[in-house]
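Chains as they are written, first to last, in our numbering: chain A, 65 to 366; chain B, 406 to 830.
Using N, Cα and C, we set each Cβ at its ideal position, and we do this for glycine too.
These numbers come from a predicted model, not from an experiment.
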């Protein structure tokens with residue numbers, strides 16, 4: 065069994081004179097939930113489309129489920145596109161069954177799966193309604209159902225949570241975790257960092273058409289270093305009073321690690337002042353901080 | 406692994422099912438069939454009306470005197486036989502009595518044959534104020550003339566001669582070949598059938614194109630607009646998608662036409678039967694051998710054209726405008742029917758329309774309706790052009806459809822289409 069369900073190498077795509085994806089390489093490992101991050105217009109969707117063979121790259125290669133992205137291998141992939149829509153005048157059941165059958169299910173299998181999945185997303189009673197009678201969020205859930213209908217081993221979701229209310233976001237996350245426990249691999253793109261921190265083990269960050277970061281989320285945070293220290297103590301050493309940045313909660317102060325300063329020097333200041341420390345914690349940067357820092361840097365370079 | 410044929414079957418069956426359940430499809434199919442059935446009693450009504458209003462033989466058969474209802478006459482010339490018991494036209498022995506009858510509203514029109522009627526033909530006509538007449542005269546005048554013709558000859562001529570005076574000819578027609586051979590009698594009903602069947606098919610083609618291909622156009626455009634195309638092309642090849650859609654629409658269209666033909670087979674003879682002198686409607690197999698392939702291939706080509714338009718337009722409004730263009734392409738030969746009656750079959754315009762793929766199907770039907778004897782070679786060439794154009798356009802459409810993924814929201818220009826043809830997988 066292939067270790068990587070998706071491997072892209074040196075993907076490059078130019079539209080007209082604009083290079084929208086520039087030499088992007090990453091892999092998605094079997095069984096993981098992979099976050100594909102980037103600001104709007106960074107090239108996420110184009111990269112996904114190339115990974116699925118919808119667009120042909122100008123350079124680079126794609127291996128998905130161990131093969132080039134042709135339709136026979138894509139039967140094992142579930143895909144939720146960024147721009148969503150189903151034929152408005154069609155019944156929900158017909159629209160989903162059609163896509164399910166194209167993925168290899170019989171009519172009966174498709175209808176059974178539709179019933180099962182629509183029940184999960186609380187839309188069973190809408191199965192015989194026209195798509196145009198659904199709200200935008202409901203349509204999005206129906207399209208999510210189409211991505212899962214054939215029990216794919218690899219699920220690719222482009223901005224899956226945008227436009228959904230918090231309850232439906234939670235519902236979708238639960239269903240994704242369920243799929244992961246059942247053995248599926250999941251890759252989703254987003255620019256909402258909290259979703260990534262909650263679900264993903266590994267991430268890739270793309271901005272200005274280039275890959276900026278790739279790897280394990282915890283490691284990436286560590287690599288970006290400690291950027292602050294939180295100390296809970298009865299008082300504050302005099303020499304640190306001027307660099308205190310904020311008080312996250314009563315009795316706790318947070319110090320930004322300035323260039324040249326270290327957590328050790330802060331600890332030493334407390335010890336030298338004879339102040340008892342109740343808690344001393346190195347604070348890793350949030351993914352949001354890393355995102356802003358990396359994207360800002362990439363933009364300034366460009 | 407599922408091949409293109411499986412993809413095609415799935416697409417065909419799902420699209421076909423959706424086509425058949427489309428309310429517009431059901432309503433239009435039933436509506437047209439119902440119109441044909443309604444036309445049967447309507448024809449009788451219209452024929453009765455026309456006969457009542459425009460019967461210029463003037464022979465009132467028993468019980469038909471009522472067609473001169475509210476008409477009176479005075480015979481100052483004394484040329485008509487003595488009035489027998491009849492309700493209408495009402496006889497008066499003096500002008501004043503007739504005019505008084507108008508005043509009393511017993512009648513609204515009075516004809517007075519003047520004393521010198523036989524020499525001058527003069528008839529005075531008195532009408533109540535507001536009695537209608539149209540640009541072509543008064544129906545009462547036509548009817549009264551018929552009445553006069555009959556009464557003047559009655560008693561002077563035997564029954565047969567009287568019939569011939571009032572209805573002088575019933576033609577039987579034959580054709581003389583170059584070698585002098587004389588054909589069987591030419592059937593007017595057959596001629597009418599040969600004229601009407603191709604025209605009906607041409608009109609059906611226009612109607613079917615406007616409704617069916619309009620639905621196809623909207624379906625393809627919507628898939629592109631909603632980006633559902635992205636999900637579809639990861640599951641099926643664009644060519645399978647386009648072919649499946651096309652043949653599903655085509656099959657649904659043929660079912661629609663079949664329903665109309667079945668109803669028509671019952672309704673048309675019944676309609677013809679109600680038209681006096683039209684005989685029984687006869688449709689020659691030779692005629693159908695040209696009309697049916699023209700219809701089927703024409704429907705196919707115009708449906709592909711609708712799909713092509715859907716792949717290149719960037720708004721629903723544009724899509725609708727181009728649907729109008731489609732009907733223009735199909736309808737042009739029908740609308741120019743007057744021209745075809747006056748030009749030779751080898752006229753340059755007739756040739757251009759016969760061998761231009763979009764006008765060829767209707768042009769073939771019209772030329773047959775006009776009685777042009779096209780050779781089998783000409784017909785085969787024309788239909789081959791239609792079929793080949795449909796296949797090439799289908800191939801182009803599939804590639805442009807795929808390229809449409811890149812071009813959503815943009816105006817697709819000829820250069821984009823060319824690039825799509827070169828680069829789409």
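By the DSSP assignment, the beta strand (DSSP E) with residue i in it spans what residues?
{"i": "residue 251 of chain A", "result": "249-254"}
{"i": "residue 76 of chain A", "result": "68-79"}
{"i": "residue 83 of chain A", "result": "82-93"}
{"i": "residue 491 of chain B", "result": "Residue 491 of chain B -> no beta strand (DSSP E), and no H or E assigned at all."}
{"i": "residue 158 of chain A", "result": "From DSSP, residue 158 of chain A is part of no beta strand (DSSP E) but of the alpha helix (DSSP H) over 156-166."}
{"i": "residue 292 of chain A", "result": "292-297"}
{"i": "residue 480 of chain B", "result": "476-480"}
{"i": "residue 343 of chain A", "result": "341-347"}
{"i": "residue 127 of chain A", "result": "123-128"}
{"i": "residue 499 of chain B", "result": "Note, residue 499 of chain B: premise wrong, no beta strand (DSSP E); not H, not E."}
With a Cβ-Cβ cutoff of 7 Å, do residue i and residue j count as a contact?
{"i": "residue 75 of chain A", "j": "residue 121 of chain A", "result": "yes"}
{"i": "residue 802 of chain B", "j": "residue 728 of chain B", "result": "no"}
{"i": "residue 251 of chain A", "j": "residue 90 of chain A", "result": "no"}
{"i": "residue 160 of chain A", "j": "residue 209 of chain A", "result": "yes"}
{"i": "residue 268 of chain A", "j": "residue 278 of chain A", "result": "yes"}
{"i": "residue 504 of chain B", "j": "residue 533 of chain B", "result": "no"}
{"i": "residue 707 of chain B", "j": "residue 625 of chain B", "result": "no"}
{"i": "residue 273 of chain A", "j": "residue 84 of chain A", "result": "yes"}
{"i": "residue 545 of chain B", "j": "residue 484 of chain B", "result": "no"}
{"i": "residue 110 of chain A", "j": "residue 139 of chain A", "result": "no"}
{"i": "residue 266 of chain A", "j": "residue 96 of chain A", "result": "yes"}
{"i": "residue 416 of chain B", "j": "residue 782 of chain B", "result": "no"}
{"i": "residue 103 of chain A", "j": "residue 359 of chain A", "result": "yes"}
{"i": "residue 734 of chain B", "j": "residue 792 of chain B", "result": "no"}
{"i": "residue 798 of chain B", "j": "residue 787 of chain B", "result": "no"}
{"i": "residue 655 of chain B", "j": "residue 705 of chain B", "result": "yes"}
{"i": "residue 299 of chain A", "j": "residue 318 of chain A", "result": "no"}
Tell me which same chain residues have a C-beta within less than 6 Å of the C-beta of residue i, skipping the five on either side of it?
{"i": "residue 345 of chain A", "result": "294"}
{"i": "residue 549 of chain B", "result": "516"}
{"i": "residue 470 of chain B", "result": "For residue 470 of chain B, the pLDDT reaches just 49, beneath the cut-off of 50, and the residue's location in the model is therefore unreliable, although a value from the coordinates is still provided. Excluding positions up to five away in sequence, the list reads 491, 492 and 493."}
{"i": "residue 118 of chain A", "result": "none"}
{"i": "residue 141 of chain A", "result": "216 and 218"}
What residue range is occupied by the uninterrupted alpha helix (DSSP H) comprising residue i?
{"i": "residue 714 of chain B", "result": "690-717"}
{"i": "residue 178 of chain A", "result": "171-184"}
{"i": "residue 588 of chain B", "result": "From DSSP, residue 588 of chain B is part of no alpha helix (DSSP H); its letter is neither H nor E."}
{"i": "residue 625 of chain B", "result": "619-630"}
{"i": "residue 560 of chain B", "result": "Looking at the DSSP string, residue 560 of chain B is not in any alpha helix (DSSP H), and its letter there is neither H nor E."}
Spatial neighbours of residue i within its chain, please: C-beta separation below 8 Å, excluding the five flanking residues on both sides.
{"i": "residue 467 of chain B", "result": "Note that residue 467 of chain B scores 45 on pLDDT, short of 50, meaning its location in the model is unreliable; the coordinates nonetheless yield the value given after this. No residues qualify anywhere along the chain."}
{"i": "residue 519 of chain B", "result": "481, 482, 525, 527, 528 and 529"}
{"i": "residue 261 of chain A", "result": "281, 350 and 351"}
{"i": "residue 459 of chain B", "result": "With a pLDDT of only 46 at residue 459 of chain B, under the threshold of 50, the placement of this residue in the model should not be trusted; the figure read from the coordinates follows. So the qualifying residues of the chain are 544 and 547."}
{"i": "residue 301 of chain A", "result": "333, 334, 336, 337 and 339"}
{"i": "residue 800 of chain B", "result": "644"}
{"i": "residue 363 of chain A", "result": "271 and 272"}
Give me the Cβ distance between residue i and residue j, rounded to the nearest whole Å; I'm assuming they're in contact under 8 Å.
{"i": "residue 164 of chain A", "j": "residue 112 of chain A", "result": "About 21 Å separates the two Cβ atoms, so there is no contact after all."}
{"i": "residue 92 of chain A", "j": "residue 69 of chain A", "result": "5 Å"}
{"i": "residue 636 of chain B", "j": "residue 143 of chain A", "result": "6 Å"}
{"i": "residue 218 of chain A", "j": "residue 174 of chain A", "result": "Not confirmed; about 20 Å, so no contact."}
{"i": "residue 725 of chain B", "j": "residue 603 of chain B", "result": "No, residue 725 of chain B and residue 603 of chain B are not in contact; Cβ-Cβ is about 29 Å, not under 8 Å."}
{"i": "residue 240 of chain A", "j": "residue 191 of chain A", "result": "With 8 Å as the limit, residue 240 of chain A and residue 191 of chain A do not qualify as a contact, their Cβ atoms being about 22 Å apart."}
{"i": "residue 348 of chain A", "j": "residue 285 of chain A", "result": "4 Å"}
{"i": "residue 700 of chain B", "j": "residue 763 of chain B", "result": "Not really, about 14 Å apart at Cβ, beyond 8 Å."}
Using a Cβ-Cβ cut-off of 7 Å (strictly less than) and excluding sequence neighbours within five positions of residue i, which residues of its own chain qualify?
{"i": "residue 486 of chain B", "result": "556, 559 and 560"}
{"i": "residue 229 of chain A", "result": "201"}
{"i": "residue 668 of chain B", "result": "438, 441 and 442"}
{"i": "residue 765 of chain B", "result": "759, 787, 790 and 791"}
Is there a Cβ from chain D that is less than 7 Å from the Cβ of residue i?
{"i": "residue 162 of chain A", "result": "Annotation note: the requested chain D is absent from the structure, which comprises protein chains A and B."}
When you measure from the CB of residue i to every non-hydrogen atom of the ligand NAP, does any distance come out below 6 Å?
{"i": "residue 149 of chain A", "result": "No copy of the ligand NAP appears in this structure; indeed no ligand is present at all."}
Within 8 Å of chain A by C-beta, residues of the stretch 630-646 of chain B in sequence order: 630, 631, 632, 633, 635, 636, 637, 638, 639, 640, 641 and 642
Interface residues of the stretch 415-429 of chain B facing chain A [CB-CB below 7 Å]: 415, 419 and 423
Chain-ordered residues of the stretch 118-152 of chain A with a beta carbon less than 9 Å from chain B: 118, 119, 120, 133, 135, 136, 138, 139, 141, 143, 144, 145, 146, 147, 148, 149, 150, 151 and 152
Positions along the stretch 606-631 of chain B whose CB lies within less than 8 Å of some CB in chain A: 624, 627, 628, 630 and 631
Residues of the stretch 580-592 of chain B whose Cβ lies closer than 9 Å to any Cβ of chain A, in chain order: none
Against chain B: residues of the stretch 69-85 of chain A by CB proximity under 8 Å: 79
Contacting positions in the stretch 194-220 of chain A - beta carbon closer than 9 Å to chain B: 207, 210 and 211
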